[in-house]
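Read through the structure below, which is laid out as structure tokens, and then see the notes.
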Amino acid sequence: HFSRRSAEELRDAIEQLTAKGMKGLILDLRTNPGGLLSQATAVADLFIDKGKIVSTKGRNTPERVWEATDSGTFGNFPMAVLVNRFSASASEIVSACLQDNKRAVIVGERTWGKGSVQNVIELEEGTSALKLTTAAYHRPSGKNIHKFPGAKVGDEWGVMPDDDFELKLEREEQFALLKYRRDRDVLRKGGPPESDFKDRQFGLALEHIVKELGAPDAAATESSPKDKKKSATKPNEKENKDKAATIPPRRRPTPVALAA
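The sequence shown maps to residues 1 to 260 in UniProt numbering.
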């Protein structure tokens with residue numbers, strides 16, 4: 001989620017990746033429940049150099065607007081943002097901002113719809129509390145994010161994927177994705193276990209990035225660990241010498257980074 005150092009850590013990671021030749025970025029906000037507003041606006045500000053990030057509107061409170069700043073903007077590579085039905089709050093602020101400012105395509109499925117500003121009022125000397133909704137978050141376009149009670153599918157709420165980028169995972173795929181990400185994030189001796197899991201949403205985002213870069217060899221960057229093991233098997237030395245004169249050097253796949 002968006003904790004107090006999220007923007008700082010993301011900036012550091014991008015600087016390291018760009019130094020290594022990163023050409024595109026896939027920001028994975030799936031199943032991200034949100035977090036600090038200050039970090040959501042700071043993360044969005046990393047990728048746009050001007051324009052509105054988000055605003056709040058209340059019944060009896062003046063509108064408040066967060067604007068992007070030019071300094072420290074990463075704007076020289078294509079982006080895609082992955083979201084799903086469990087992406088909420090700060091995740092929706094970031095994805096909506098990047099979508100409305102045409103900085104990234106949104107891939108996956110419609111988000112949760114949590115865009116309310118809430119204040120907690122302590123009662124009975126701190127033994128209980130009242131959570132009061134005082135305003136709602138609005139996208140740069142002015143559209144509403146929050147899914148109010150009684151809202152329907154056709155109503156305005158959440159963040160929808162861009163045209164041709166909506167892709168819902170089946171229930172079994174969702175569980176497989178959670179397991180895959182958990183295994184990937186756990187440090188193990190010898191690296192994460194091999195997996196045949198194919199992340200279709202990530203694959204769709206990767207296709208977009210590679211298309212934007214004009215690179216034809218996207219499949220090479222999406223190969224599974226087993227595929228990599230097979231491709232790592234070297235032919236004998238004689239075969240190498242025989243083929244060296246006729247086969248041109250293989251083009252290196254375009255580096256693409258995934259931030260989760």
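Ideal placement from N, C-alpha and C gives every residue a C-beta, glycine not left out.
None of the values given here were measured: they were computed from a predicted structure.
By the DSSP assignment, the beta strand (DSSP E) with residue i in it spans what residues?
{"i": "V81", "result": "M79 to V83"}
{"i": "G190", "result": "Unbroken run through G190: none, as it is neither H nor E."}
{"i": "I121", "result": "S116 to L123"}
{"i": "I106", "result": "V105 to G108"}
With DSSP collapsed to three states, give me the class of residue i.
{"i": "H138", "result": "strand"}
{"i": "I48", "result": "coil"}
{"i": "V159", "result": "coil"}
{"i": "T41", "result": "helix"}
{"i": "S6", "result": "helix"}
{"i": "L36", "result": "coil"}
{"i": "T31", "result": "coil"}
{"i": "R11", "result": "helix"}
{"i": "L167", "result": "coil"}
{"i": "A151", "result": "coil"}
{"i": "E67", "result": "strand"}
{"i": "T56", "result": "strand"}
{"i": "T111", "result": "coil"}
{"i": "T133", "result": "strand"}
{"i": "G126", "result": "helix"}
Between the options, which lies nearest to residue i when the distance is taken from Cα to Cα?
{"i": "I121", "options": "L130, G115 and G113", "result": "L130"}
{"i": "G200", "options": "F165, T111, L213 and E194", "result": "It should be noted that the sequence gives Arg, not Gly, for residue 200. The candidate whose alpha carbon is nearest that of R200 is F165."}
{"i": "S44", "options": "T111, L29 and W112", "result": "In the sequence as presented, Ser is not what sits at residue 44; that position holds Ala. The shortest C-alpha separation from A44 is found at L29."}
{"i": "Y180", "options": "S195, R5 and R85", "result": "S195"}
{"i": "R110", "options": "S141, K152, T127 and E125", "result": "K152"}
{"i": "W157", "options": "E67, K20, A7 and A96", "result": "A96"}
{"i": "H138", "options": "R4, K20, E212 and W66", "result": "W66"}
{"i": "A68", "options": "L132, K57, P140 and E125", "result": "P140"}
{"i": "S71", "options": "I48, L82 and N84", "result": "I48"}
{"i": "D163", "options": "T73, K102 and N119", "result": "K102"}
What residue range is occupied by the uninterrupted alpha helix (DSSP H) comprising residue i?
{"i": "G203", "result": "R200 to L213"}
{"i": "V94", "result": "A90 to D100"}
{"i": "L178", "result": "R171 to D185"}
Could you give the distance in angstroms between the alpha-carbon of residue i and the alpha-carbon of residue j?
{"i": "K114", "j": "P149", "result": "11 Å"}
{"i": "E173", "j": "L123", "result": "44 Å"}
{"i": "V94", "j": "V159", "result": "10 Å"}
{"i": "R171", "j": "G108", "result": "14 Å"}
{"i": "P161", "j": "E125", "result": "45 Å"}
{"i": "F86", "j": "A135", "result": "22 Å"}
{"i": "A19", "j": "A176", "result": "33 Å"}
{"i": "V117", "j": "T56", "result": "8 Å"}
{"i": "E239", "j": "E212", "result": "With a pLDDT of 45 at E239, under the threshold of 50, the predicted position of this residue should be treated as unreliable, though the coordinate-derived value follows. The straight-line gap from Cα to Cα measures roughly 37 Å."}
Strictly under 8 Å for the Cβ-Cβ distance: is residue i near chain B by that measure?
{"i": "I209", "result": "Among the chains of the structure shown, chain B does not appear; only one protein chain is present."}
(message) Three Cβ pairs or more, each shorter than 8 Å: is that satisfied between the stretch 54 to 63 and the stretch 3 to 12?
(response) no
(request) Examine the Cβ distances between the stretch 139 to 148 and the stretch 181 to 198 and report whether three or more of them are shorter than 8 Å. (result) no
(request) Specify whether the stretch 80 to 93 and the stretch 29 to 47 touch according to this definition: at least 3 beta carbon pairs, one from each stretch, less than 8 Å apart. (result) yes
(message) With three or more beta-carbon pairs closer than 8 Å as the criterion, would you say the stretch 67 to 84 touches the stretch 16 to 27?
(response) yes
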